[in-house]
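Single-structure report; data block below.
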Amino acid sequence: MSYLSKYLFFITFILLSCSSNEVFFENALCIENIHTINPIDGLKKNQTVIIQRGKIIKISPSRNINLSQKNTIINGTDKYLIPGLWDTHVHYAYIEELAPLMSNLFLKYGVTSVRDTGGKIDIVKKWKDRALDNPLEAPRILMAGPLLDGIPTVYDGSDTRLPELAVGLNSIEAITKQIDFLESQKVDFLKAYEMLSPQQFHHILKIANEKGLKVTGHIPLSMDVISASNAGLHSIEHMRNLDLSCASNSDELLQERRKMLANNANISGGRLRSKIHKMQQEKAIDNYDETKADSILSVLKRNDTWQIPTLALNTFYTRRYFERPEWQESYSVLPDSIQHHWLSRAEALTEKVPSEFRKKYDIWHIKMVKKIHDANIPIMAGTDTPIAYLTPGLSLHEELASLVDAGLTPLEALKTATTNPAKYFNLEKELGKIKEGMWADLLILNDNPLVNIKNTTKINTVIKQGKVHLKN
Numbered sequence: 497m498s499y500l501s502k503y504l505f506f507i508t509f510i511l512l513s514c515s516s517n518e519v520f521f522e523n524a525l526c527i528e529n530i531h532t533i534n535p536i537d538g539l540k541k542n543q544t545v546i547i548q549r550g551k552i553i554k555i556s557p558s559r560n561i562n563l564s565q566k567n568t569i570i571n572g573t574d575k576y577l578i579p580g581l582w583d584t585h586v587h588y589a590y591i592e593e594l595a596p597l598m599s600n601l602f603l604k605y606g607v608t609s610v611r612d613t614g615g616k617i618d619i620v621k622k623w624k625d626r627a628l629d630n631p632l633e634a635p636r637i638l639m640a641g642p643l644l645d646g647i648p649t650v651y652d653g654s655d656t657r658l659p660e661l662a663v664g665l666n667s668i669e670a671i672t673k674q675i676d677f678l679e680s681q682k683v684d685f686l687k688a689y690e691m692l693s694p695q696q697f698h699h700i701l702k703i704a705n706e707k708g709l710k711v712t713g714h715i716p717l718s719m720d721v722i723s724a725s726n727a728g729l730h731s732i733e734h735m736r737n738l739d740l741s742c743a744s745n746s747d748e749l750l751q752e753r754r755k756m757l758a759n760n761a762n763i764s765g766g767r768l769r770s771k772i773h774k775m776q777q778e779k780a781i782d783n784y785d786e787t788k789a790d791s792i793l794s795v796l797k798r799n800d801t802w803q804i805p806t807l808a809l810n811t812f813y814t815r816r817y818f819e820r821p822e823w824q825e826s827y828s829v830l831p832d833s834i835q836h837h838w839l840s841r842a843e844a845l846t847e848k849v850p851s852e853f854r855k856k857y858d859i860w861h862i863k864m865v866k867k868i869h870d871a872n873i874p875i876m877a878g879t880d881t882p883i884a885y886l887t888p889g890l891s892l893h894e895e896l897a898s899l900v901d902a903g904l905t906p907l908e909a910l911k912t913a914t915t916n917p918a919k920y921f922n923l924e925k926e927l928g929k930i931k932e933g934m935w936a937d938l939l940i941l942n943d944n945p946l947v948n949i950k951n952t953t954k955i956n957t958v959i960k961q962g963k964v965h966l967k968n
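Under our numbering, the sequence shown has 748 at position 252, and the numbering climbs by one with no breaks.
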């Protein structure tokens, strides 16, 4: 046999061998040659990810797997794959007219799971049940039901800014009855609020622990942060009222609050809370005590009291996302009445210069988030959408950017919206990573978010439990 014949025989043999080693996955989605980013392990280049029946069944370096062209293949060349994102502080019931659009908006922006932190149970449960019935078409929703508040109640429906998100509880018996009811409605956790007495707060924690339900919330104005954490509070939303406990005169402020909470003037819960905040927040920031703050954070760390800083919301006046044309463009899909209201408010706020205290207060929030992170207290990304004209879905990306601006790395910020929420709900074996056996909630990005966290907005494709949703 001539040299040429031998060469042609060898090439033919190799081609036939390669052909015979082609792999076909029936009824599967294959993402080929993509760079994967796991929040724990970081970047792996040129991977092939196989999805079948809604879950990831195989991950392999692309060079090690020869996909048959009969497969359904997404070409991931030069793109990046991250787990689907969580927004861990949302309110479906805050603007009832907006609720029917929220799930689609979340998916559009790659938010595949949300944690609803307070609203009428019949409203929130309706959207949770729809998501359970159509898991490929909506983000999963984990809900608290209504805020568990004292009397007077803050979110009592007395104002458009204070819709009826809460139940006011005036006795221990009422608390037990309400939690029993919420358990029957299959809530995933509970949320305690600011007008509770210490006795009421402790009873909520007691009943919740008996039922295996986590409790998140605001620190009640009648208490300090250490007492609330020691009572077993699992997480704190917005770092609310943490500032009041970090002041050198915190004991004096607590006594002042308790006198005001007697509410001899019988004013509404919303007005009373605002009055207390207005009177005490500036005092607290002016008397901020670093040593006291460090001692409080050590308690939060010891008690594993997680934090949902909602930093974009808390720095609303100085971050000023509402001024950006691309942000205002996101309002175009909202119902006309909401769109016009949000645009007019954005215009009015653009003309309003934040006060010196507001600037100082925003800086305090940014520095405190970094301190919390450095203390190794777990953080979850949440936004409070649709409060403060925060567009559902898009606002989560603003929160990630704000966390990076506060000092987290992009990878650490991604962890707050992926692995941390999964762990919080004991779902770490199902969600939050790109790993075999996990649900295929995934986001394909056109650029690397580890280089610039804002690249999480450069969405190519959203995948919810194996179903492809192309970004509009």
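Glycine included, every Cβ here is placed at the ideal spot set by N, Cα and C. Just so we're clear, the structure is a prediction, and the values are computed from it rather than from any experiment.
| task | Would you decide whether residue 692 is buried or exposed? Buried here means 16 or more other CB atoms lie within 10 Å of its CB. | result | buried
*Let me know if residue 635 comes out buried or exposed under the rule of 16 or more other beta-carbons within 10 Å of its beta-carbon.*
buried
Starting from the N-terminal side, write out each stretch of the alpha helix (DSSP H) that is 4 residues or longer and does not extend beyond the stretch 684-714.
-> 694-707
Does the stretch 713-727 come within contact of the stretch 678-697, defined as at least 3 CB pairs closer than 8 Å? yes
When you compare only the Cα positions, how much space is there between residue 914 and residue 962? 17 Å
On the DSSP bridge assignment, give the partners of residue 733 in chain order. 804
For a test of the three-state rule: what should DSSP assign to residue 960, helix, strand or coil? strand
Pairing CB atoms from the stretch 923-935 with CB atoms from the stretch 892-909, are three or more of them under 8 Å? no
Can you tell me which of 872, 788, 778 puts its alpha carbon nearest to the alpha carbon of residue 741? 788
**Report entry** Any 3 or more C-beta pairs closer than 8 Å across the stretch 539-547 and the stretch 915-922
**Finding:** no
request  = Taking 8 Å as the cut-off, decide whether the C-beta atoms of residue 749 and residue 776 are in contact.
outcome  = yes
_Rounded to whole angstroms, what is the Cα-Cα separation between residue 549 and residue 567?_
14 Å
**Q.** For residue 660, the nearest candidate out of 722, 832, 619 (CA to CA)
**A.** 619
Minimum length 3: unbroken beta strand (DSSP E) runs contained in the stretch 656-684 = 662-664
Alpha-carbon spacing of residue 912 relative to residue 696, whole angstroms:
31 Å
Exercise. Would you report the Cα separation of residue 643 and residue 615, rounded to the nearest angstrom?
Worked result: 7 Å
Checklist line | Per-residue DSSP class, three states only, for residue 524 | finding: strand
Worksheet item: Between the C-alpha atoms of residue 722 and residue 672, what's the straight-line distance to the nearest angstrom?
Response: 24 Å
Take residue 785 and list the residues in its own chain whose beta-carbon comes closer than 7 Å to its own, dropping the five residues that flank it on each side.
742, 743, 744
Nonlocal neighbours in the same chain, by C-beta distance under 6 Å from residue 647, ignoring five residues either side: 664, 666
- Considering residue 571, what are the terminal residues of the beta strand (DSSP E) in which it resides? 568-571
On the DSSP bridge assignment, give the partners of residue 543 in chain order.
530, 557
Residue 743 by DSSP, collapsed to three states: which one? strand
Exercise. Who pairs with residue 645 in a beta bridge, going by DSSP?
Worked result: 664
ask   = Among 530, 551, 541, which one has its Cα closest to the Cα of residue 523?
value = 551
Around the Cβ of residue 957, are there at least 16 other Cβ atoms within 10 angstroms (buried) or fewer (exposed)?
buried
Check your understanding: Do residue 888 and residue 639 come within 8 Å of each other at the CB atom, strictly closer than that value?
Key -> no
Query raised in the report: How many Å lie between residue 719 and residue 539 at the Cα?
Result: 44 Å
- prompt: How long is the line joining the alpha carbons of residue 955 and residue 890, rounded to whole angstroms?
  reply: 11 Å
**Q.** Close beta carbons around residue 739, own chain, < 7 Å, minus the five adjacent residues each side
**A.** 777, 780, 781, 860
Among the residues of its own chain, which have a CB less than 8 Å from the CB of residue 668, if the five just before and after it don't count?
695, 696, 699
query: For the stretch 757-770 against the stretch 829-847, are there 3 or more C-beta pairs whose distance is under 8 Å?
result: no
Which of helix, strand or coil DSSP assigns to residue 953: helix
#### Entry: For residue 607: DSSP bridge partner residues
581
Check your understanding: Taking buried to mean at least 16 other C-beta atoms within 10 Å of its own C-beta, is residue 461 buried or exposed?
Key -> Outside the modelled stretch of the chain, which goes from 497 to 968, sits residue 461, for which no answer is possible.
Quick check on the burial criterion: 16 or more other C-beta atoms within 10 angstroms. Buried or exposed for residue 656?
exposed
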